[in-house]
Amino acid sequence: METKSNPTNVEKLIATIARLRAPNGCPWDREQTHRTLARFLMEEAYEVLEAIHLDDSEKLKEELGDLLLQVVLNAQVAKDANQFDIEDVAHTINEKMVRRHPHVFGEASLATAEEVLAQWEGLKEQERQHKTRSSLDGVPTTLPALLKALKISEKAVGQGFEWNDASEIWQQLDSELAEFREAAQASQANQGKEEKERLLIEMDLEMGDILFTMVNIARWHGLNCEESLLMSIEKFKRRFYEMEKRSPKPLKELTPSEWGKLWKEAKEAAG
Numbered sequence: 004m005e006t007k008s009n010p011t012n013v014e015k016l017i018a019t020i021a022r023l024r025a026p027n028g029c030p031w032d033r034e035q036t037h038r039t040l041a042r043f044l045m046e047e048a049y050e051v052l053e054a055i056h057l058d059d060s061e062k063l064k065e066e067l068g069d070l071l072l073q074v075v076l077n078a079q080v081a082k083d084a085n086q087f088d089i090e091d092v093a094h095t096i097n098e099k100m101v102r103r104h105p106h107v108f109g110e111a112s113l114a115t116a117e118e119v120l121a122q123w124e125g126l127k128e129q130e131r132q133h134k135t136r137s138s139l140d141g142v143p144t145t146l147p148a149l150l151k152a153l154k155i156s157e158k159a160v161g162q163g164f165e166w167n168d169a170s171e172i173w174q175q176l177d178s179e180l181a182e183f184r185e186a187a188q189a190s191q192a193n194q195g196k197e198e199k200e201r202l203l204i205e206m207d208l209e210m211g212d213i214l215f216t217m218v219n220i221a222r223w224h225g226l227n228c229e230e231s232l233l234m235s236i237e238k239f240k241r242r243f244y245e246m247e248k249r250s251p252k253p254l255k256e257l258t259p260s261e262w263g264k265l266w267k268e269a270k271e272a273a274g
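To convert, take the position in the sequence shown, counting from 1, and add 3; that gives our numbering.
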């Protein structure tokens, strides 16, 4: 990238990362690869989500910066390997955005967000047909399970595989819960080692079916189970921290009734 007399902050960041990766740069940055950076990319993405859930604009600004760092650093790793650079990354996504918005950059005319989404999915499907063998292809294997289930479900729905109404999904959930309960009760009653192991595998599969169905119930109502669970985890943490502050003795020494009383107080105080 050419040096400007007044480079933008983004250009300064790109230059900083290039300097860190240079032969006389930082040993840690120089030895990084896409694979070693993968976990940091995931961590930063989740920290962005946390900032969004907290509705904290300052934290969001900081976390988006950390995420941008991972994008620039991965692009620099690729540039050092003569594969592509950050300009190629920006060019590719810009072309994709223009291509998928013909109602803005072309002659197509769309009036609603629903029409835009339908067009977006249609254009994605056209692109996918040239690259993949299945409508379910293209979902990253490294996605968290709940988010992966949502993406797979959305792709199936895009092909017309959908419940007629929400009541059918609730019926499916009732069925899956009954099957899990039956296997769990059988496991508790059975003393044979081999049968217990078989039932444990069955329970594992049934629990997966329950979670997959819950993902689709959430999807039907416009929710993302991954984000919903993250919010519940944060809520539990707030309440538990509150219990730790309020408890007159170590939590391990609390009686069941003391736990109940403390939990109720923490819920009221921490929300």
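Ideal placement from N, C-alpha and C gives every residue a C-beta, glycine not left out.
Computed from a prediction, not measured in an experiment: that's the story for all the values here.
Open item on the list: What residue range does the alpha helix (DSSP H) around Phe183 cover?
Closed with: Phe183 -> alpha helix (DSSP H) spans 169 to 192.
Task: Touching by the beta-carbon criterion (3+ pairs, under 8 Å), the segment 231 to 245 and the segment 201 to 209 - done: In short, these stretches do not touch, since the Cβ pair count stays below three.
Open item on the list: For a cutoff of 8 Å on Cβ pairs, would you count Pro105 as touching chain B?
Closed with: Given the protein chain composition of this structure (a single chain), no chain B is represented.
TODO: Out of Ile204, Lys199, Glu229, point me to the one whose CA is closest to Phe215's CA.
DONE: Per the Cα distances, Glu229.
Task: Inter-stretch contact at 8 Å, needing at least 3 Cβ pairs: the segment 10 to 21 / the segment 71 to 82 - done: In short, these stretches touch, since the Cβ pair count reaches three.
Open item on the list: Looking only at its chain, what residues have a beta carbon closer than 6 Å to the beta carbon of Glu179, apart from the 5 residues adjacent to it on each side?
Closed with: Correct list, in chain order: Asp212, Ile213, Thr216.
Task: Coil, strand or helix - Arg103 by DSSP - done: Secondary structure at Arg103: coil, using DSSP grouped into helix, strand and coil.
- [ ] Can you give me the Cβ contacts of His56 inside the same chain, cut-off strictly under 7 Å, excluding the 5 residues immediately before and after it?
- [x] Closer than 7 Å at the Cβ level, and outside the excluded window around His56, lie Leu233, Met234, Glu237.
- [ ] Could you check if Met246 is buried or exposed, using at least 16 other CB atoms within 10 Å of its CB as the buried criterion?
- [x] Result: buried.
Task: Segment contact flag, the segment 140 to 156 with the segment 176 to 194, C-beta cutoff 8 Å, min 3 pairs - done: The segment 176 to 194 and the segment 140 to 156 do not touch, with fewer than three beta-carbon pairs separated by less than 8 Å.
TODO: Would you kindly report the start and end of the unbroken alpha helix (DSSP H) that includes Ala269?
DONE: Ala269: member of the alpha helix (DSSP H) spanning 259 to 273, first to last residue.
Task: Whether Asn227 touches Leu120 by CB criterion (8 Å) - done: Contact: no.
Open item on the list: Is the separation between the beta-carbon of Val74 and that of Leu63 shorter than 8 Å?
Closed with: Cβ distance not < 8 Å, so Val74 and Leu63 don't count as in contact.
Task: Integer-rounded CB distance, given that Glu47 should sit under 8 Å from Glu65 - done: Your pair Glu65 and Glu47 does not check out as a contact, with CB atoms roughly 10 Å apart and the cut at 8 Å.
- [ ] Using alpha carbons as the reference points, say which of Glu118, Trp262, Asn12, Lys82 lies closest to His37.
- [x] Measuring from the Cα of His37, the nearest candidate turns out to be Lys82.
Task: Ile96 versus Gly263: straight-line alpha-carbon distance, rounded - done: Looking at the two C-alpha atoms, the distance is approximately 52 Å.
TODO: With Val15 as the anchor, note down where its alpha helix (DSSP H) starts and where it stops.
DONE: In the sequence under discussion, the amino acid at residue 15 is Lys, which differs from the Val named in the question. It spans 12 to 24 - the alpha helix (DSSP H) in which Lys15 sits, taken as one unbroken run.
- [ ] Report the rounded CA-to-CA distance for Gln175 versus Pro10, giving the unit in angstroms.
- [x] One C-alpha to the other measures close to 57 Å.
Open item on the list: I need the DSSP call for Glu229, collapsed to helix, strand or coil.
Closed with: Looking at Glu229 - three-state DSSP - the assignment turns out to be helix.
Open item on the list: Does Val107 pass the burial test, meaning 16 or more other C-beta atoms within 10 Å, or should it be called exposed?
Closed with: Looking at its Cβ environment, which holds fewer than 16 other Cβ atoms inside 10 Å, Val107 is exposed.
- [ ] Leaving aside the five residues before and after Asp69 along the sequence, list all residues of the same chain whose C-beta is less than 6 Å from its C-beta, in chain order.
- [x] Excluding residues within five positions, the ones whose Cβ falls inside 6 Å are Glu47.
TODO: Express the C-alpha separation of Arg242 and Leu150 in angstroms, rounding to a whole number.
DONE: Their Cα atoms are separated by approximately 26 Å.
Open item on the list: Let me check understanding here. Comparing Cα to Cα, which of Glu165, Ile204, Thr145 lies closest to Phe183?
Closed with: It is Ile204.
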